[in-house]
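First residue of the sequence shown? That's 81 in my numbering, and the numbers climb one at a time after it.
For glycine and all other residues, C-beta sits at the position ideal for the given N, C-alpha and C.
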Amino acid sequence: MKKISGGVTAPKGFQAAGIAAGIKKENIKDMAMLYSTAPCAAAGTFTTNVVKAAPVIWDRDIVRGKGTARAVVCNSGVANACTGKEGMGYCRKTAETAAALLDIAAEEVLVGSTGVIGKQLPMDVIAAGVKTLAGALSDSEEAGALAAEAILTTDTHKKEIAVEIFLGGKTVRLGGMCKGSGMIHPNMCTMLSFVTTDAAISQELLQKALSADVQDTYNMVSVDGDTSTNDTVLVLANGLAGNPEITAEGEDYDAFREALHTVNEYLAKQIAGDGEGATALFEAQVVGAESREQAKTLSKSIVCSNLTKAAICGHDANWGRILCAMGYSGAQFDPEKVDLFFESAAGRIQIIADGVAVDYSEEEATKILSEKEVKAIADIKQGEASATAWGCDLTHDYIRINADYRS
Numbered sequence: 081m082k083k084i085s086g087g088v089t090a091p092k093g094f095q096a097a098g099i100a101a102g103i104k105k106e107n108i109k110d111m112a113m114l115y116s117t118a119p120c121a122a123a124g125t126f127t128t129n130v131v132k133a134a135p136v137i138w139d140r141d142i143v144r145g146k147g148t149a150r151a152v153v154c155n156s157g158v159a160n161a162c163t164g165k166e167g168m169g170y171c172r173k174t175a176e177t178a179a180a181l182l183d184i185a186a187e188e189v190l191v192g193s194t195g196v197i198g199k200q201l202p203m204d205v206i207a208a209g210v211k212t213l214a215g216a217l218s219d220s221e222e223a224g225a226l227a228a229e230a231i232l233t234t235d236t237h238k239k240e241i242a243v244e245i246f247l248g249g250k251t252v253r254l255g256g257m258c259k260g261s262g263m264i265h266p267n268m269c270t271m272l273s274f275v276t277t278d279a280a281i282s283q284e285l286l287q288k289a290l291s292a293d294v295q296d297t298y299n300m301v302s303v304d305g306d307t308s309t310n311d312t313v314l315v316l317a318n319g320l321a322g323n324p325e326i327t328a329e330g331e332d333y334d335a336f337r338e339a340l341h342t343v344n345e346y347l348a349k350q351i352a353g354d355g356e357g358a359t360a361l362f363e364a365q366v367v368g369a370e371s372r373e374q375a376k377t378l379s380k381s382i383v384c385s386n387l388t389k390a391a392i393c394g395h396d397a398n399w400g401r402i403l404c405a406m407g408y409s410g411a412q413f414d415p416e417k418v419d420l421f422f423e424s425a426a427g428r429i430q431i432i433a434d435g436v437a438v439d440y441s442e443e444e445a446t447k448i449l450s451e452k453e454v455k456a457i458a459d460i461k462q463g464e465a466s467a468t469a470w471g472c473d474l475t476h477d478y479i480r481i482n483a484d485y486r487s
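This is the structure we're talking about:
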């Protein structure tokens with residue numbers, strides 16, 4: 081497997097477009113479209129929030145129904161959440177408008193929305209945007225980048241990736257783009273992620289691969305503890321690579337899963353590192369656990385701790401906050417056996433051994449914690465299992481961004 085340039089248009093048969101339709105102010109890109117020239121197996125995972133936005137329900141019903149799709153229309157600026165029957169009707173109208181232009185069925189069009197909750201979509205703007213998008217579709221790398229830009233809200237940069245693998249003697253590609261910066265918490269976040277692939281794989285195995293991988297990627301991310309109403313991850317597979325269709329678990333399925341994991345993990349880390357107001361990606365790795373679930377619980381508790389996140393912002397090796405967060409996680413462990421390390425591009429330093437502080441240099445620790453990506457590694461010495469979670473530091477800018485987000 082190798083990483084290649086591009087995003088969602090890297091696989092064969094996928095086209096994209098991104099435009100400024102006029103939903104947002106100041107001519108900012110706010111609508112995107114993905115389209116496959118061939119029918120696709122479609123898989124998806126969605127928010128666990130009881131309050132689900134209309135597009136989440138629309139997409140969920142399609143994925144769990146026929147499990148096929150050809151296109152995705154996504155807008156940013158308005159979430160179409162808490163909008164009642166009118167909001168659901170707007171999902172259908174968006175899909176029908178796109179379907180007529182693309183000569184496909186409305187039920188082959190998935191929709192995504194992100195932005196302010198409670199506002200109705202400006203359907204005249206949406207309909208005009210869909211028409212413009214359909215006419216601008218291209219399989220170029222630039223078109224994929226424009227689509228990745230158009231789905232952003234408070235993100236500071238676009239997030240995209242493409243990889244290439246070989247399956248059954250054929251070159252297979254996967255491309256992805258996502259958005260996410262705030263209202264991010266494990267069990268899906270204010271996050272939209274779209275992955276395309278030209279692999280031939282059954283819908284059942286595509287869904288199985290995605291559902292399993294989400295647990296170790298997007299569900300291990302937290303920015304602020306808020307689980308959104310709109311979280312959606314969609315994967316479309318059109319089979320145009322020509323590999324023998326993957327219909328059973330085995331070597332090809334494992335290779336596909338590994339590639340999907342690479343895409344999803346990269347996008348998940350991009351979301352964590354681009355948290356609202358963040359200056360650093362904060363990674364927590366728990367090793368030496370009795371079970372993977374124990375390790376996941378502990379690592380997520382560390383990245384979710386506001387006190388720990390504030391310490392990372394201040395480049396402060398305040399290890400007591402990490403041990404405290406582990407202690408209230410609900411997972412059982414012996415605090416008197418814990419070793420803790422901080423690591424970054426500037427080096428690695430041990431902070432505690434067997435639950436108590438070692439003689440370390442605060443100056444060196446601060447240097448390590450001043451990098452753009454920092455990691456805390458906790459060894460609880462109980463077994464062989466491990467897990468990693470991703471978050472970010474907590475800064476004054478998080479408050480500034482969210483204090484006036486709606487107005």
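Got a sec? Which residues, its chain only, sit under 8 Å from residue i by beta carbon, not counting five neighbours each side?
i    : result
V210 : M111, M113, V153, T174, T177, A178, L181
M81  : V243, E244, I245, A335, E338, A339, T342
R428 : F421, F422, I448
G407 : P415
Name the one or two DSSP bridge partners that residue i has.
i    : result
L314 : G124, F274
S291 : Partner(s): none; S291 has no beta bridge.
V301 : W470
Q430 : F421
L226 : DSSP lists no partner for L226.
V158 : T194, V196
V153 : M113, V191
Check this for me: beta carbons of residue i and residue j, under 8 Å apart or not?
i    : j    : result
A426 : E453 : no
V205 : I326 : no
A358 : C258 : no
S282 : A121 : yes
A228 : T194 : no
G248 : P324 : yes
V418 : I460 : yes
T212 : A96  : no
Y170 : L190 : no
V313 : T277 : no
Below 6 Å CB to CB, which residues in the same chain sit around residue i once its five sequence neighbours on both sides are set aside?
i    : result
G319 : A280
G322 : K250
S409 : T377, L378, S381
G198 : C162
R140 : F126
Assuming residue i is part of the alpha helix (DSSP H), what are its boundary residues?
i    : result
S511 : Since the first residue shown for the chain is 81 and the last is 487, residue 511 is missing from the structure and cannot be characterised.
E338 : 331-353
C171 : 164-182
G195 : From DSSP, G195 is part of no alpha helix (DSSP H) but of the beta strand (DSSP E) over 189-196.
A405 : 399-407
V136 : 134-144
T446 : 442-448
State buried or exposed for residue i, treating a residue as buried only when at least 16 other CB atoms are found within 10 Å of its CB.
i    : result
V105 : Per the sequence shown, residue 105 should be read as Lys rather than Val. With fewer than 16 Cβ atoms within 10 Å of its Cβ, K105 is classed as exposed.
Q374 : buried
G86  : buried
M268 : Per-residue confidence for M268 stands at a pLDDT of 44, beneath the threshold of 50, marking its modelled position as unreliable; the derived number appears in the next sentence. Answer is buried; the Cβ neighbour count reaches 16.
V275 : buried
I84  : exposed
K165 : exposed
E464 : exposed
N167 : Per the sequence shown, residue 167 should be read as Gly rather than Asn. So G167 ends up on the buried side.
R150 : buried
Spatial neighbours of residue i within its chain, please: C-beta separation below 7 Å, excluding the five flanking residues on both sides.
i    : result
A230 : G98, I99, K109, D110, M111, A112, S156
H237 : D354
E416 : D434, G435
A186 : R172, A175, E176, A179
Starting from residue i, trace the beta strand (DSSP E) in both directions and tell me its first and last residue.
i    : result
F362 : 361-369
G209 : G209 -> not in any beta strand (DSSP E); alpha helix (DSSP H) instead, spanning 203-216.
I84  : 82-84
Using a beta-carbon distance below 8 Å, is residue i in contact with chain E?
i    : result
K452 : The chain labelled as chain E is not found in the depicted structure, where only one protein chain is given.
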